[in-house]
Amino acid sequence: MKWSINEIQKKKIIEFKEALDLTANLKARSSEILDAEPVQVTGQVAYDDGLYLLDYELQTVLTLPSSRSLKPVSFPMTVFVNEVFSSVENLKGDVEFVDADLIIPLEKDLISCDESVEDNILLEIPLQILAEDEQSDTDLPTGKFWSVISEDSYEAKKAEQKEEKKSPFASLDGLFD
């Protein structure tokens with residue numbers, strides 16, 4: 344979905360509801376994405392006093408590898424997006440808004456919703472995703488000389504080691520390091 348600047352200025356508000364198949368583009372931009380269902384996008388693009396406002400909601404389901412076992416996991420996603428665009432000529436005095444990423448400068452006389460949808464999907468991919476059985480499973484993977492521990496276990500071990508160091512000579516521990 345693309346709209347020209349002139350079209351948006353004439354109509355003032357353009358509402359849209361579409362299904363976008365962005366699977367190939369998303370896979371090309373991120374190796375983590377194994378598959379993606381078509382993205383349902385509902386929203387509007389509007390013109391107001393030199394600014395172009397793009398507001399929409401996207402819904403899709405991504406297939407991502409589990410961060411623990413690499414098994415494929417379905418990850419439903421709903422994201423609300425509000426973006427503000429302006430032509431480069433209008434931004435000459437408002438450099439601080441561009442620097443703060445509040446206004447996106449238009450490089451062409453087009454606003455592409457597809458690019459915005461792709462960018463926002465990639466930004467919303469979580470760092471950790473687990474399959475249903477892994478979420479409830481308390482047994483973490485181990486190997487010959489290693490094991491995965493939970494953050495709580497790590498903090499408990501750290502506190503335990505701190506308790507052990509409360510000997511009278513503990514303050515001299517790092518003296519010769």
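Read in order, the letters of the sequence shown are residues 344 to 520 in my numbering. We put the beta carbon where it would ideally sit given N, CA and C, even for glycine.
Whole-angstrom distance between residue j and residue i, CA atom to CA atom
{"i": "V384", "j": "K360", "result": "6 Å"}
{"i": "E467", "j": "L405", "result": "11 Å"}
{"i": "D457", "j": "L470", "result": "23 Å"}
{"i": "I351", "j": "L407", "result": "36 Å"}
{"i": "L473", "j": "V416", "result": "7 Å"}
{"i": "A502", "j": "I376", "result": "38 Å"}
CA nearest to the CA of residue i, picked from the options
{"i": "S455", "options": "K487, E375 and Q387", "result": "Q387"}
{"i": "S459", "options": "A367, N425 and K370", "result": "N425"}
{"i": "A389", "options": "P484, K353, V491 and K487", "result": "K353"}
{"i": "D476", "options": "L465, K414 and Y395", "result": "K414"}
{"i": "E450", "options": "L465, S429 and I464", "result": "S429"}
{"i": "I356", "options": "S373, D364, D398 and R372", "result": "D398"}
{"i": "D482", "options": "K345, G393 and S412", "result": "S412"}
{"i": "N463", "options": "E494, L515, Q402 and S347", "result": "Q402"}
Bridge-paired residues (DSSP) for residue i
{"i": "K345", "result": "S455"}
{"i": "F359", "result": "G386"}
{"i": "P448", "result": "S429"}
beta-carbon residue i near the ligand ZN non-hydrogen atom, thresh 7 Å
{"i": "N349", "result": "Judged by which ligands are present, the structure shown has none, so any question about the ligand ZN falls away."}
Give the list of continuous beta strand (DSSP E) stretches no shorter than 3 residues that lie fully inside the region 366-437.
382-391, 394-408 and 415-430
Are the region 363-381 and the region 485-493 touching by the rule of at least three beta carbon pairs closer than 8 Å?
no
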